[in-house]
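In UniProt numbering, the protein residues as written are 1 to 826.
What follows is a single structure, written as structure tokens, with notes after it.
Shown next as structure tokens:
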């Protein structure tokens, strides 16, 4: 059976009160992932029934409704492709940041979000958010009351709604020239939202598969900004003020079973701060500070055991400037980054693909620009100019710049795949020349010998290109060592100090003789077995070339995926899927071990102290001006200590211990059909040939997941199924996207539409990822209809003001002559 992952990087835009709409969307995304996880818990495909779904999940739990729809969709798709849906990256700003935080916690620990509905519907209201001392009384600014009354009589748009008019009057007559909303109350609401999700059912409960992880990015705006230094030609150092900031939360589920999570209740105050800070609307809320969270926790006698860790990981640059991060004021993340693609796309780089992957960046834009919108070219007045410059224009900048990297990346992926596919027949022949007994059981020593011969042959056959390949590998490894030192020392990679570290390591390599020299056959063979006569550059690669090992493992895993697709064919008769999966899991474990080896956490305290001692201070502006001479002089003065540091780093990382891991694994494939075993060996032994060809094509810092990235949007405009039933508008878009704060009815409307729009789009996205042959248009239409009706049935009792809307939708869905979307394509 063909295996495939639909792997989603979710980006949630800002949108003030449209947070309620986005809650409906993220709830459906959680339900889709929950259904996928349940389906893959049932190992036997023959037993994947809807009833089996409730054997995995609690049938009596009111949280589950549309999960059954997604379960049936994925089960039916499973006839042609075993598709698993994973959300492994979430980025959000402002309202999107709040929803991203809650979704990421639910995904990481398989937690419910049902109670958040009431939190949004009850508390996302001006009467709840206003500070008690700021709230208007009956006599406050009484002169404004007749204006709202007159506007209501005249039927002025939304002001004709009694609830909106009353609450808008309350808001406008409340405290001026100070934020009317209560920051401490907002912090409490966000903490309560995190806590309302509860604790995991078990220590390892998660919707992320073993060996996978999730990254959450939440954007903030540092009101005062922090100073950054940059190197240019003249003057050598300039100082800039950076206001953009983001918080990074991680969940890792290691293949070994170990869990690392920033989404536990012990870190709930950090999540509450992130939600409060990213949505700190300027003028409405006071700026958010960690001190405010401290005050809230004292009031409730709640401990924050991971406070120091949270600050150290997310505000290290403030500590370097002797600034107390707890006192820094932050405002809404949308001020500078309403569309946080940068963080999400950056996390995709270097991502490992462990099976065939359909990678999507899915972004939730609650209020996109409509097609054909008329643009006025007249001269704006004074106040419209100020309003546009301060708020409307910055918030409406297009996302094309942020997404341009994806287009370039996809172009590189297509080029790389073409190279790999075209080179495969020739590489098979080259590998066959070194495998003298490929049809017989192969020992670990025999495989190692073939691998060494393959390395020699790759070098000789590549000719002059091999020189460039090795020099590039050495450059990438020096870059890895430099960045490891920067991480240990706490130096920002783009700073002049970081540049000096990289230059020093380059200078040290030249002075220490760690440079490439065209080698003879004997020294080439020593590339995998270091001895006394082994050149220094080979020993350096053996100690630090993590990238080569990671690329090889990813290549082998992709080979296992290809092998899975060929199961049952005549050549591979007798090969069991369990054997293929078992070897693939072992490859995952090797990749997981490598990831841990390359982290600064693998370096012991003595080595860290040596880094601190050698790189105690950065270069002066004068030294930066002549950074090359400075680096050479520094490397010469500290040569012995840098030698010792490199030796210790190599010992701590201990890559040599993993050199023969794969040889051992492949020696254990005895009993496989000869052709299947040969296929795996060709991938392993042939990898040096592929790497010589492909590594120079892809920049080493971006080497990772070689799958094209597609982009999908979820918005009211894109839900074609629901839109063909009638015109159902979001209510929260008025008053600069804040109208839903003024009306419970508006919040209910937007929440319901969020769920309906999301299931409409998600069914389309999943079906497309599976391929056109997996589902007929009639089946998709029927599934959408079931999903829409299920949402209406479940939500009706919770949304009393939506009775008319629900009745109209149900009537359209159950009509004898269904709308066009629910007809099978002719």
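In this text, a Cβ means the ideal position worked out from N, Cα and C, and glycines have one as well.
Just so we're clear, the structure is a prediction, and the values are computed from it rather than from any experiment.
Looking at the backbone, the Cα of residue 742 and that of residue 125 are separated by about 6 Å. A residue is called buried when at least 16 other Cβ atoms come within 10 angstroms of its Cβ; residue 232 does not meet this threshold and is exposed. Take the alpha-carbon of residue 586 and the one of residue 574: they are about 21 Å apart.
Under the DSSP assignment, residue 263 falls outside any alpha helix (DSSP H); it carries neither an H nor an E label.
For residue 225, no alpha helix (DSSP H) segment is defined; the enclosing uninterrupted segment is the beta strand (DSSP E) at 213–231. In this structure, the straight-line span from the alpha carbon of residue 130 to that of residue 744 is close to 16 Å.
Membership of residue 10 in the beta strand (DSSP E) is indicated by the continuous run 3–12. Residue 22 sits away from residue 114, with the two beta carbons spaced by 8 Å or more. For residue 92, the enclosing beta strand (DSSP E) has its first and last residue at 82–93.
Assigned with DSSP and collapsed to three states, residue 731 falls in coil, not helix or strand. Of the candidates 331, 197 and 642, 331 places its Cα closest to the Cα of residue 223. At least 8 Å separates the beta-carbon of residue 666 from that of residue 719. In the displayed model, residue 516 falls within coil according to three-state DSSP, outside both helix and strand.
One alpha carbon belongs to residue 400, the other to residue 339, and they sit about 11 Å apart. The beta carbons of residue 321 and residue 226 sit closer together than 8 Å. In this structure, the beta-carbon distance from residue 672 to residue 579 falls below 8 Å.
Note on geometry: alpha-carbon atoms of residue 736 and residue 24 lie some 20 Å from one another. The residues 247 and 248, in chain order, have a CB closer than 7 Å to that of residue 314 in the same chain once the five nearest residues on each side in sequence are set aside. When secondary structure is reduced to three states using DSSP, residue 399 falls in the coil class, being assigned neither helix nor strand. Sixteen is the threshold: since fewer than 16 other Cβ atoms of the shown chains lie within 10 Å of the Cβ of residue 599, the residue is exposed.
DSSP, read as helix, strand or coil, puts residue 201 in coil. Contact between the stretch 791–808 and the stretch 91–107 is absent, with fewer than three C-beta pairs closer than 8 Å. Within the same chain, and ignoring the five residues on either side of residue 325 in sequence, the residues whose Cβ sits closer than 6 Å to its Cβ are 311, 315 and 318. The alpha carbon of residue 505 has as its nearest neighbour, out of 410, 196 and 639, the alpha carbon of 639. Straight-line spacing of the CA atoms in residue 485 and residue 502 works out to 9 Å. In this structure, the alpha-carbon of residue 661 lies about 15 Å from that of residue 683. In the DSSP assignment, the residues bridged to residue 288 are 330. Nearest to residue 483 by C-alpha distance, out of 72, 500 and 784, is 500. Per DSSP, residue 800 has no beta-bridge partner at all.
Within 10 angstroms of the beta-carbon of residue 510 lie fewer than 16 other beta-carbons, which makes it exposed. Contact between the stretch 199–215 and the stretch 462–480 is absent: fewer than 3 CB-CB pairs across the two stretches fall below 8 Å. Inclusion of residue 77 and residue 775 in the CB contact set at 8 Å is warranted, their separation being smaller than that value. Residue range 237–253 is occupied by the beta strand (DSSP E) that includes residue 250.
Residue 268 and residue 779 have their C-alpha atoms spaced approximately 42 Å apart. Its Cα nearest to that of residue 685, the residue 454 stands out among 276, 9 and 454.
In this structure, DSSP gives residue 709 an extended state, which the three-state scheme calls strand.
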